[in-house]
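A short write-up of the structure that comes next.
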Ligand code: NAI
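Residue numbers (the working numbering): 107 to 471.
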């Protein structure tokens with residue numbers, strides 16, 4: 107059920123209690139016109155890390171709902187990835203194209219700094235690296251103000267693809283396997299290159315047609331149309347564009363035996379996980395497969411070098427192996443197994459975690 111509909115008529119404090127949120131901060135600054143919200147979901151495992159989203163929300167309620175949902179998703183993403191980070195998020199209400207100013211970002215930063223490191227901001231929709239550099243003028247700890255983590259996200263997705271191949275075909279090797287990469291933006295382009303290096307036969311697409319052809323030519327791989335990528339025969343499908351790719355309309359189109367990619371919320375609804383099982387498609391849960399960027403951000407905060415970062419990111423493969431084994435053992439979907447893993451980790455640190463029916467799939471972003 108839609109979060110806003112389910113929460114209609116419930117007070118904010120009740121909503122926070124229901125979702126086990128620690129803190130929600132509403133920020134207003136008259137001189138810059140700032141209206142923003144910071145949500146800290148859970149700091150059991152460490153400071154809450156999450157992006158700053160700037161978006162022209164239709165209402166304050168919509169902004170709050172988005173902020174809460176995204177913050178909770180970050181808790182489970184970090185927990186499932188074995189990180190020492192909690193979950194948080196902030197949203198600035200406004201159009202990033204026309205309303206974003208340095209003064210506005212700095213005002214938001216000053217509110218973040220009042221939390222004394224409990225929330226560490228990063229990039230999200232409507233903000234970029236330059237904005238993080240501005241936030242750093244006010245906030246002691248900021249992530250994403252150095253390099254773009256997309257390469258590490260792609261490395262993690264490749265590790266997830268190896269694990270999914272082992273589960274689907276009994277063989278990790280990608281030599282000769284046909285992999286369809288949907289979306290060749292920051293992550294998809296790195297991923298396609300890594301997969302070519304692993305001996306796979308790659309097929310790419312992008313709604314930005316010139317971009318798809320540039321990448322296709324550079325890597326010497328086949329380019330197809332975005333409308334046909336799901337149904338084009340392949341062994342592995344790697345969604346690296348938008349979420350909701352697996353839905354009622356598309357579920358029967360897929361010809362692949364395994365799926366692992368960078369996109370968030372690949373499954374339109376939690377029930378699609380079971381539908382993939384019934385179609386004989388092995389699915390590496392998105393919030394584990396795409397955690398490489400987050401692992402890299404934590405590593406940078408800890409001062410790790412590139413070799414350490416790569417080792418940590420490659421751990422995604424082992425974690426997904428464990429998730430597949432648990433799913434087989436318990437007769438549950440890989441998504442449920444990954445969620446259980448995250449919940450156990452939070453519980454083992456004394457975290458106050460939601461019950462299963464207030465699970466994660468809806469909130470993973
Ligand atoms: P991006 O915006 O650089 O690339 C996305 C690409 O997909 C663009 O080139 C766009 O034209 C294309 N696209 C959009 N709709 C499409 C469609 N229907 N069919 C084919 N192509 C389509 O984004 P980025 O950074 O590469 O991220 C990709 C996905 O991975 C996003 O869903 C993002 O939220 C997720 N993600 C990214 C991380 C990162 O480190 N960049 C970390 C974790 C998740």
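For every residue, glycine included, the Cβ atom is placed at its ideal position computed from N, Cα and C.
These numbers come from a predicted model, not from an experiment.
Does the beta carbon of residue 275 come closer than 7 Å to any beta carbon on chain D? Note that chain D does not occur in the displayed structure, where there is just one protein chain.
For residue 289, which option in 265, 412 and 369 has the closest C-alpha, if you only look at C-alpha atoms? Distances from the alpha-carbon of residue 289 to those of 265, 412 and 369 put 369 closest.
Quick check for students: name the residue ranges of the beta strand (DSSP E) that lie wholly in the stretch 151-176, counting only runs of 3 or more. Entirely contained in the stretch 151-176, the beta strand (DSSP E) runs reaching 3 residues are, in chain order, 154-161.
Less than 7 Å between the C-beta atoms of residue 147 and residue 177, yes or no? Judged by beta-carbon spacing, residue 177 lies within the 7 Å limit of residue 147, meaning their Cβ atoms are closer than that value.
Can residue 241 and residue 227 be called in contact, C-beta distance under 7 Å? When the beta-carbon positions are compared, residue 241 and residue 227 come within less than 7 Å of each other.
Nearer than 6 Å: is that true of the beta carbon of residue 134 relative to any heavy atom of the ligand NAI? If you check the C-beta of residue 134 against the ligand NAI, you find no heavy atom less than 6 Å away.
With DSSP run on the structure shown, which of helix, strand or coil describes residue 125? Three-state DSSP puts residue 125 in coil, outside helix and strand.
For residue 233 and residue 157, which I take to be in contact (beta-carbon distance under 8 Å), what is that distance rounded to the nearest angstrom? Contact between residue 233 and residue 157 holds, since their C-beta atoms are separated by about 7 Å, short of 8 Å.
Near the ligand NAI: residue 237 beta-carbon under 6 Å from a heavy atom: The answer is no for residue 237.
Residue 380: which of 418, 271 and 441 sits nearest, CA to CA? For the residues 418, 271 and 441, the minimum Cα distance to residue 380 belongs to 441.
Helix, strand or coil, according to DSSP, for residue 364 in the structure here? Annotated three-state conformation of residue 364 is strand, per DSSP.
From residue 339 to residue 362, what distance separates their C-alpha atoms? Spanning the two alpha carbons is a distance of roughly 7 Å.
Residue 141 lies in the alpha helix (DSSP H); which residues open and close that run? Where residue 141 is concerned, there is no enclosing alpha helix (DSSP H), although the beta strand (DSSP E) it sits in stretches over 140-148.
Collapsed DSSP secondary structure at residue 189 in the structure displayed: DSSP places residue 189 outside both helix and strand once states are collapsed to three, so it counts as coil.
For residue 205, which of helix, strand or coil comes out of DSSP? Here residue 205 sits in coil by DSSP.
Using 10 angstroms around the beta-carbon of residue 382, count the other beta-carbons present and answer buried if the total reaches 16, otherwise exposed. Classification of residue 382: buried, given that the 10 Å Cβ count is 16 or more.
Between which two residues does the alpha helix (DSSP H) holding residue 302 run? For residue 302, the enclosing alpha helix (DSSP H) has its first and last residue at 292-303.
For the stretch 314-325 and the stretch 343-352, state whether three or more C-beta atom pairs, one from each stretch, are separated by less than 8 Å. Short answer: they don't touch.
With the cut-off set at 7 Å, would you say residue 364 and residue 335 are in Cβ contact? No, Cβ-Cβ distance for residue 364 and residue 335 is not below 7 Å.
Confirm the yes/no value for this check: CB of residue 314, any heavy atom of the ligand NAI, distance under 6 Å. Residue 314: yes, Cβ under 6 Å from the ligand NAI.
Under three-state DSSP, which class holds residue 117? Correct three-state label for residue 117: coil.
Just to confirm the assignment: which complete beta strand (DSSP E) runs, minimum length 3, are found wholly within the stretch 213-282? For the stretch 213-282, whole beta strand (DSSP E) runs of length 3 or above, ordered along the chain, are 225-229.
Reference residue 192; option with closest CA among 319, 153 and 166: The shortest Cα separation from residue 192 among 319, 153 and 166 belongs to 153.
Is residue 378 near the ligand NAI - that is, is its Cβ less than 6 Å away from at least one heavy atom of it? Because no heavy atom of the ligand NAI lies under 6 Å away, the Cβ of residue 378 does not count as near it: no.
Taking the beta carbon of residue 517 as the centre, do at least 16 other beta carbons fall within 10 Å, making it buried, or is it exposed? Residue numbering for the chain in the displayed model covers 107 to 471; residue 517 lies beyond these limits and cannot be assessed.
Beta strand (DSSP E) containing residue 342: first to last residue? First-last of the beta strand (DSSP E) with residue 342: 342-345.
Going by CA-CA distance only, name the one from 160, 170, 150 and 295 that's closest to residue 450. With respect to the C-alpha of residue 450, the residue from 160, 170, 150 and 295 having the closest C-alpha is 150.
Which of helix, strand or coil does DSSP assign to residue 468? Caution applies to residue 468, whose pLDDT of 37 falls short of 50 and renders its modelled position unreliable; the value that the coordinates give is listed next. The DSSP-derived three-state label of residue 468 is helix.
Closest Cα partner of residue 402 within the set 117, 119 and 252: Of the residues 117, 119 and 252, the one whose Cα lies closest to the Cα of residue 402 is 252.
For residue 360 versus residue 186, is the C-beta spacing smaller than 7 Å? Contact check for residue 360 against residue 186 fails: the beta carbons are separated by 7 Å or more.
Got a sec, what are the start and stop residues for the beta strand (DSSP E) residue 286 sits in? Residue 286 -> beta strand (DSSP E) spans 284-288.
Per DSSP, what kind of secondary structure is residue 130 in: helix, strand or coil? In the structure shown, residue 130 adopts extended strand secondary structure according to DSSP, grouped into three states.
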